[in-house]
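To start, the structure itself, in structure tokens.
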Amino acid sequence: MEKVQGRYETMFIVDPSLGDEGIEAVVNKFSDLIAANGTVEKVEKWGTRQLAYAIDKKADGYYTLITFTSEPGFTPELERIFNITDGVMRSIVVRLDK
Numbered sequence: 000m001e002k003v004q005g006r007y008e009t010m011f012i013v014d015p016s017l018g019d020e021g022i023e024a025v026v027n028k029f030s031d032l033i034a035a036n037g038t039v040e041k042v043e044k045w046g047t048r049q050l051a052y053a054i055d056k057k058a059d060g061y062y063t064l065i066t067f068t069s070e071p072g073f074t075p076e077l078e079r080i081f082n083i084t085d086g087v088m089r090s091i092v093v094r095l096d097k
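Heads up: the sequence shown at position 63 corresponds to 62 in numbering that gives the first Met the number 0, and the numbers run straight through without jumps.
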């Protein structure tokens with residue numbers, strides 16, 4: 000039986016106080032994690048932008064958008080890892096196809 004693949008996007012905001020190397024490490028961690036569990040289509044580094052509202056008293060965040068395909072069972076694990084990773088301020092995973 001063939002495994003079902005879905006197309007997803009994830010956007011996450013990294014604390015810019017980590018510095019360039021720290022931000023790059025977090026982005027690479029998630030790019031590598033997704034690649035190990037699916038296929039990364041595109042990584043868009045939007046850079047540091049002003050937040051709509053303060054998160055943990057911070058006004059800015061480093062935005063990254065990753066488009067990928069994976070099995071549906073991987074996304075809850077990805078969300079769990081976002082939640083326990085220091086430096087990730089917010090994250091969301093959205094399925095693109097139905």
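Heads up, the beta-carbon is just placed ideally off N, CA and C, and yes, glycines get one too.
Asked: Spatial neighbours of E43 within its chain, please: CB distance less than 6 Å, with the 5 preceding and 5 following residues excluded, ordered by chain position.; Found: L64
Asked: Buried or exposed: which applies to G60, given that a residue is buried once 16 or more other Cβ atoms fall within 10 Å of its Cβ?; Found: buried
Asked: Please report the distance separating the alpha-carbon of V88 from that of K57.; Found: According to the sequence shown, residue 88 is Met rather than Val. Rounded to the nearest angstrom, the two C-alpha atoms are 10 Å apart.
Asked: Is DSSP giving E70 helix, strand or coil here?; Found: coil
Asked: Just reading off the beta strand (DSSP E) that L50 is part of, what are its end residues?; Found: G37 to I54
Asked: Below 8 Å on the Cβ atoms is my contact criterion, and I expect T38 with T9 to pass it. Report the Cβ-Cβ distance as a whole number of Å.; Found: Not quite, the Cβ-Cβ distance comes to about 13 Å (not below 8 Å), so this is no contact.
Asked: Among I12, L17 and F73, which has the Cα closest to the Cα of G5?; Found: F73
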